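**Q** To get the numbering used here, take the position in the sequence shown, counting from 1, and add 75.
By construction, the Cβ of each residue, glycine as well, lies at the ideal position given by its N, Cα and C atoms.
Owing to the predicted nature of the structure, the values given are computational and were not obtained by experimental measurement.
Got a structure for you, questions after.
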Amino acid sequence: MQDAQLHGWRLKDQKNLRMGGYPSKVRAMSFLSNGQLLATSGAQGAVLWPFVGANGPMGREATEIGFDDGPAWSSLVASQPKHGLLAAGLNDGRVWLADPAGQGLNFLKAERGAPITALA
76 MQDAQLHGWR
86 LKDQKNLRMG
96 GYPSKVRAMS
106 FLSNGQLLAT
116 SGAQGAVLWP
126 FVGANGPMGR
136 EATEIGFDDG
146 PAWSSLVASQ
156 PKHGLLAAGL
166 NDGRVWLADP
176 AGQGLNFLKA
186 ERGAPITALA
């Protein structure tokens, strides 16, 4: 894919779904909350798509967490499914950890530097 959106296909009825609105290419994604949320990179924060109900994200809007007013972009995301935590690595070298259920966001690495290229 060369455009700044996600594409998916529901196998049972071959329904095509698109998740768009990204200012840059999505380079990482991770499911959390027992598969009910899909977190993606490609914006200033991590973009969360709901995957609940019969239609999943189709016709629904995403939520963005970790939004920063600066020029940095989330280049990577990774989740810890057991505890529902989400980490994001930014292209300005910072890393944050958040609980999408609303328990806050903490920078694990607040200093700017080289882009984050891997999270585990």
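DSSP three-state call for Met94: helix, strand or coil?
**A** The count along the sequence shown starts at 1 and reaches residue 94 at position 19. Met94 falls in the strand class under three-state DSSP.
**Q** Bridge partners of Gln155, per DSSP?
**A** Counting from 1 along the sequence shown, the entry for residue 155 is found at position 80. Paired residues: Leu160.
**Q** Within its chain, find whatever has a CB closer than 6 Å to the CB of Gly21; leave out the 5 residues flanking it on each side and keep chain order.
**A** The displayed coordinates of the chain run from 76 to 195. Any statement about residue 21 would go beyond what the structure contains.
**Q** Cutting at 6 Å between CB atoms, please list the residues of its own chain near Phe106, excluding the five before and the five after it.
**A** Here residue 106 refers to the residue found at position 31 when the sequence shown is read from its first residue. Cβ neighbours of Phe106 beyond the five flanking positions: Leu113.
**Q** Taking the beta strand (DSSP E) that Lys184 falls in, what are its first and last residues?
**A** The residue given as residue 184 occupies position 109 in the sequence shown. Here the beta strand (DSSP E) through Lys184 covers 179 to 184.
**Q** Val170 bridges to which residues according to DSSP?
**A** Within the sequence shown, the letter at position 95 stands for residue 170. Its beta-bridge partners are Gly164, Lys184.
**Q** Which residues share a DSSP beta bridge with Arg85?
**A** Numbered from 1 along the sequence shown, position 10 holds the residue referred to as residue 85. DSSP lists Lys90 as partners of Arg85.
**Q** Report the rounded CA-to-CA distance for Ala185 versus Val170, giving the unit in angstroms.
**A** As a working mapping, residue 185 is identified with position 110 in the sequence shown. As a working mapping, residue 170 is identified with position 95 in the sequence shown. C-alpha separation (whole angstroms): 7 Å.
**Q** Does the beta-carbon of Pro175 have 16 or more other beta-carbons within 10 angstroms, so that it is buried, or is it exposed?
**A** Taking the first residue of the sequence shown as position 1, residue 175 is located at position 100. It is buried - the Cβ of Pro175 has at least 16 other Cβ atoms within 10 Å.
**Q** Can you tell me the Cα-Cα spacing of Pro132 and Trp84, whole angstroms?
**A** In the sequence shown, the residue the question calls residue 132 occupies position 57. In the sequence shown, the residue the question calls residue 84 occupies position 9. Straight-line Cα distance between these residues: approximately 12 Å.
**Q** Could you tell me if Thr115 is buried or exposed, where buried requires 16 or more neighbouring beta carbons within 10 angstroms of its beta carbon?
**A** As a position in the sequence shown, residue 115 is number 40, starting the count at 1. Looking at its Cβ environment, which holds 16 or more other Cβ atoms inside 10 Å, Thr115 is buried.
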